Structures are given as structure tokens and as C-alpha cells.
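Using our numbering, the letters of the sequence shown map in sequence onto residues 78 to 182.
One structure is given here, and the rest of the page talks about it.
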Amino acid sequence: MNQEEIVSILEEIGLPFAYDHFAEGESPDPPFLVYLYPRSVHFAADGIVYHKINRLNIEVYTDIKNPELEKNIETVLNRHSVFYAKSEVWIESEKLYEVLYEMEV
């Protein structure tokens, strides 16, 4: 999956989004998301990168728990045959929930 396809999926989700973070003072009201490629897990063969695989994180931030929003996001990911792992944490200092979708692309 290339960058254009990922951006298209994020647009389909319908939330404001940015790569890694919003500029200071420009963060929208929740819900919003950020995405980033925190590392790669390439497949090697014969001492070279045979197949490039990047880890993609989609971080969804909400001020209240929103199962319906999560269901909608997962519907979009499933529609595009994206396999993901999901976790969640409350960020006390920000007063936000972070729902993290981790996948390889």
C-alpha cells in the first residue's frame, strides 16, 4: 500500500488528520487522528531488502469513548482488507482517549 492509498483511506474515515502531529495551536477539536510510520520490518533475502514492509500507526483521539466511531473506522479498514491490531489508552495529561490501530503496509 502506498502513501496515496493510505491518505485515501484516511480521507474516507472522514476525520481531520495529520502526519505525526498537528502544528502547535492548530490541533482540531476531538475526534481527530494522526498517522505515522514508526519503523520498518523489511523482509531480507540474499543480504538485501527483498520486500519493504513499513509499520503504520493510526492514532485516533477522542475526548469520550466512542464505540460507533471505532466501528466506522474498522469498517473502512476492513473494506480495504487492512489487517490491524487495536489498543487503547487514556492520556490523563491531555484528557483524551487514544485508540491505536497498528498495521504493516
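Even glycine gets a Cβ: it sits at the ideal position worked out from N, Cα and C.
Being a predicted model, the structure only gives us computed values, none of them experimental.
Give me the Cα-Cα distance between residue i and residue j, rounded to the nearest whole angstrom.
| i | j | result |
| --- | --- | --- |
| N149 | V176 | 13 Å |
| N131 | H119 | 7 Å |
| L154 | D123 | 34 Å |
| L146 | S164 | 15 Å |
| S85 | L92 | 12 Å |
Mapping DSSP to helix, strand and coil, what is residue i?
| i | result |
| --- | --- |
| E89 | helix |
| K129 | coil |
| I135 | strand |
| V84 | helix |
| V153 | helix |
| P144 | helix |
| S117 | strand |
| M180 | strand |
| A162 | strand |
For residue i and residue j, which I take to be in contact (beta-carbon distance under 8 Å), what is that distance rounded to the nearest angstrom?
| i | j | result |
| --- | --- | --- |
| I83 | V182 | 7 Å |
| E179 | N143 | No, E179 and N143 are not in contact; Cβ-Cβ is about 19 Å, not under 8 Å. |
| L110 | E136 | 6 Å |
If we call anything under 8 Å between Cβ atoms a contact, is residue i one with residue j?
| i | j | result |
| --- | --- | --- |
| Y161 | T139 | no |
| F94 | Y114 | no |
Looking at the C-beta of residue i, does it have a partner C-beta in chain D at a distance below 8 Å?
| i | result |
| --- | --- |
| E147 | Reference to chain D is not applicable here, since this structure consists of a single protein chain. |
Evaluate the contact criterion for the segment 166-173 versus the segment 111-127: three or more CB pairs, one atom per stretch, below 8 Å.
-> Too few Cβ pairs lie closer than 8 Å, so no.
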